[in-house]
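The block underneath contains the structure these notes are about, expressed in structure tokens.
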Amino acid sequence: MNHGALPNVLVDRFGRKVDYIRLSITDRCDFRCVYCMSEDVQFLPRDEVLSLEECARLVKAFVSLGVKKVRITGGEPLVRKDALWLFNEIGHLQGLNELVVTTNGSQLEHQAQALKKAGVRRINISLDSLDAARFHQITRVGDLDKVMRGIAAAKQAGFERIKLNALLMRGRNEDEAIPLVAFAVEQGLDIAFIEEMPLGVVSHDRESSYVSNHGTLKLLRARYDLIGSIETTGGPARYWRVPNTDTRVGFISPHSHNFCESCNRVRISSKGEMYLCLGQENKVDLAPLLRNFPNDNQPLKEAIINSMQVKPKGHDFNLKRVEPAVIRFMSHTGG
Ligand code: SAM
Ligand code: SF4
Numbered sequence: 005m006n007h008g009a010l011p012n013v014l015v016d017r018f019g020r021k022v023d024y025i026r027l028s029i030t031d032r033c034d035f036r037c038v039y040c041m042s043e044d045v046q047f048l049p050r051d052e053v054l055s056l057e058e059c060a061r062l063v064k065a066f067v068s069l070g071v072k073k074v075r076i077t078g079g080e081p082l083v084r085k086d087a088l089w090l091f092n093e094i095g096h097l098q099g100l101n102e103l104v105v106t107t108n109g110s111q112l113e114h115q116a117q118a119l120k121k122a123g124v125r126r127i128n129i130s131l132d133s134l135d136a137a138r139f140h141q142i143t144r145v146g147d148l149d150k151v152m153r154g155i156a157a158a159k160q161a162g163f164e165r166i167k168l169n170a171l172l173m174r175g176r177n178e179d180e181a182i183p184l185v186a187f188a189v190e191q192g193l194d195i196a197f198i199e200e201m202p203l204g205v206v207s208h209d210r211e212s213s214y215v216s217n218h219g220t221l222k223l224l225r226a227r228y229d230l231i232g233s234i235e236t237t238g239g240p241a242r243y244w245r246v247p248n249t250d251t252r253v254g255f256i257s258p259h260s261h262n263f264c265e266s267c268n269r270v271r272i273s274s275k276g277e278m279y280l281c282l283g284q285e286n287k288v289d290l291a292p293l294l295r296n297f298p299n300d301n302q303p304l305k306e307a308i309i310n311s312m313q314v315k316p317k318g319h320d321f322n323l324k325r326v327e328p329a330v331i332r333f334m335s336h337t338g339g
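Okay, here's the thing in structure tokens:
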């Protein structure tokens with residue numbers, strides 16, 4: 005089919021360049037973290053979830069429109085059968101500078117090397133506690149030893165950087181900021197603290213469990229001579245360096261620091277909905293464009309380009325609101 009030329013860069017109406025996508029390849033997970041999912045979470049029927057071939061087609065379309073960085077996430081991306089096929093399919097795409105993955109670490113023991121070989125450069129591993137019993141409580145089912153073996157395998161595989169993601173909750177693990185940083189230092193890893201966001205209804209009150217990064221930073225500065233860093237990984241995190249170590253400590257603070265003005269990303273759910281903001285409902289359903297035009301990427305690309313006109317200016321998180329900011333869980337949108 006002959007179509008007009010399309011731009012090779014995505015820019016929204018506020019002049020923000022979108023060159024980063026986060027693609028959830030499954031809403032399923034082998035953990036049930038208390039802040040992320042309800043205990044009786046209902047997963048999508050399998051036929052609603054994009055096939056891995058459709059995921060690969062999407063990534064290729066976005067890369068042709070100027071996307072340089074792709075994060076594969078979920079749910080737990082590495083529990084999806086044949087996920088490695090996708091990593092191999094897109095890992096060495098021309099124009100894609102960075103393929104990264106966010107994982108809970110449970111499958112890394114067996115998959116870290118293959119991911120590295122497929123072209124994954126950096127990896128984020130979620131770790132909220134160093135205490136096995138607490139880890140089990142927070143994840144409802146997780147086995148800390150297995151995740152630790154996964155972290156060791158990731159180190160062994162030789163990724164450029166490994167970053168731990170930690171979410172602190174009052175009454176559960178808020179006293180682990182220093183031990184978690186000490187662990188990151190000992191292992192030569194980065195670590196970022198993520199503030200809990202009101203995404204979906206969970207069994208606890210988010211306002212009372214909320215731990216601000218402001219407080220965590222204060223606590224850490226009393227222990228470490230943290231040095232402010234101008235380095236960024238292109239994301240919303242602010243970084244500090246632990247002197248005389250390789251470790252950077254990041255803070256992702258949607259409440260206390262609004263990072264929307266530099267937003268460079270969109271998220272795609274495992275059923276192909278493109279969310280233009282984590283904290284707003286604006287979305288474009290890409291699945292019909294993949295399925296109704298199996299051999300023509302033009303309608304898909306046009307929809308992506310047009311979506312830039314509806315990307316919201318920013319999120320509007322408010323912990324005091326009775327209703328969550330958005331009804332969908334992080335595992336649905338893709339973390
Ligand atoms: N399963 C993988 C993992 O846990 O890393 C990838 C998906 S998970 C949704 C990605 C990140 O989202 C995790 O680091 C998790 O801590 C974070 N997350 C989940 N629910 C959250 C919430 N309500 N607020 C803030 N972060 C959340
Ligand atoms: Fe699973 Fe990650 Fe959500 Fe935990 S945070 S339930 S590991 S998707």
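So the sequence shown is numbered by the working numbering: it starts at 5 and just counts up by one. Think of the CB as a built atom: it goes at the ideal place given N, C-alpha and C, for glycine as much as any other residue.
Check: Counted within 10 angstroms of its Cβ, other Cβ atoms place Ala65 as buried (16 or more) or exposed; Outcome: buried
Check: Backbone CA spacing between Asn177 and Ile309 [nearest angstrom]; Outcome: 43 Å
Check: Phe47: CB within 8 Å of a non-hydrogen atom of ligand 2; Outcome: no
Check: Beta-bridge pairing of Phe297 - partner residues as DSSP gives them; Outcome: DSSP output for Phe297 lists no bridge partner at all.
Check: Through-space distance from Ile256 to Val124, alpha-carbon basis; Outcome: 23 Å
Check: Check: Asn108 C-beta below 8 Å from any heavy atom of ligand 2; Outcome: yes
Check: Member of Val83, Ser42 and Lys73 whose CA lies at the smallest distance from the CA of Ile29; Outcome: Val83
Check: N- and C-terminal bounds of the beta strand (DSSP E) containing Phe197; Outcome: Asp194 to Ile198
Check: Within-9 Å CB hit, Pro81 to chain B; Outcome: Protein chain content of the structure displayed is limited to a single chain, and chain B is not contained in it.
Check: Delimiting residues of the beta strand (DSSP E) encompassing Asp149; Outcome: Where Asp149 is concerned, there is no enclosing beta strand (DSSP E), although the alpha helix (DSSP H) it sits in stretches over Leu148 to Ala161.
Check: For Ala186: DSSP bridge partner residues; Outcome: Answer is none; Ala186 lacks a bridge partner.
Check: Span separating the alpha-carbon of Val326 from that of Gln98; Outcome: Per-residue confidence for Val326 stands at a pLDDT of 47, beneath the threshold of 50, marking its modelled position as unreliable; no derived number is given.
Check: Residues that Lys343 bridges to, as DSSP identifies them; Outcome: This structure gives no information on residue 343, because the portion of the chain shown stretches from 5 to 339.
Check: Burial state of Lys73, where buried means 16 or more other Cβ atoms lie within 10 Å; Outcome: buried
Check: Member of Lys275, Ala307 and Glu306 whose CA lies at the smallest distance from the CA of Pro49; Outcome: Lys275
Check: Residue(s) in a DSSP beta bridge with Ser28; Outcome: Thr77
Check: DSSP three-state assignment for Leu100, whether helix, strand or coil; Outcome: coil
Check: Which of helix, strand or coil DSSP assigns to Asn289; Outcome: Here the sequence assigns Asp to residue 289, which means Asn is not the residue at that position. Strand.
Check: Pair within 9 Å by beta-carbon distance, Leu27 and Leu69; Outcome: no
Check: Ile76 and Arg269 closer than 9 Å at C-beta; Outcome: no
Check: Under the three-state DSSP convention, the category Gly254 falls into; Outcome: strand
Check: Inter-stretch contact (C-beta, 8 Å, three-pair minimum) for the segment 179-196 and the segment 206-214; Outcome: no
Check: Integer Cβ distance of Thr251 from Leu172, believed to fall under 8 Å; Outcome: Between Leu172 and Thr251 the Cβ distance is about 18 Å, and since that is not below 8 Å, they are no contact.
Check: Test item: CB-CB of Ile166 and Asn128 under 9 Å; Outcome: yes
Check: heavy atom of ligand 3 below 8 Å from Tyr39 C-beta; Outcome: You won't find ligand 3 in this model; what it holds is ligand 1 and ligand 2.
Check: Cα-Cα separation, His140 to Lys121; Outcome: 31 Å
Check: Beta-carbon proximity of Glu80 to Ser42, cut-off 9 Å; Outcome: no
Check: Beta carbon of Leu90 nearer than 9 Å to that of Arg153; Outcome: no
Check: Residue burial classification, Pro247 (beta-carbon count within 10 angstroms, cutoff 16); Outcome: exposed
Check: Cβ separation of Ala116 and Ala188, assumed to be a contact under 8 Å, to the nearest whole Å; Outcome: Actually they are not in contact, since the Cβ atoms of Ala116 and Ala188 sit about 18 Å apart, beyond 8 Å.
Check: With 16 other Cβ atoms within 10 Å as the buried cut-off, status of Asn6; Outcome: Any reading at Asn6 needs caution, since the residue's pLDDT is 45, under 50, leaving its predicted position unreliable; the model's value is listed next. Burial call: exposed.
Check: Candidates His114, Ser273, Pro298 and Gln313, of which the one nearest Gly78 by Cα; Outcome: Ser273
Check: Pairwise C-alpha distance: Asn296 and Leu223; Outcome: 54 Å
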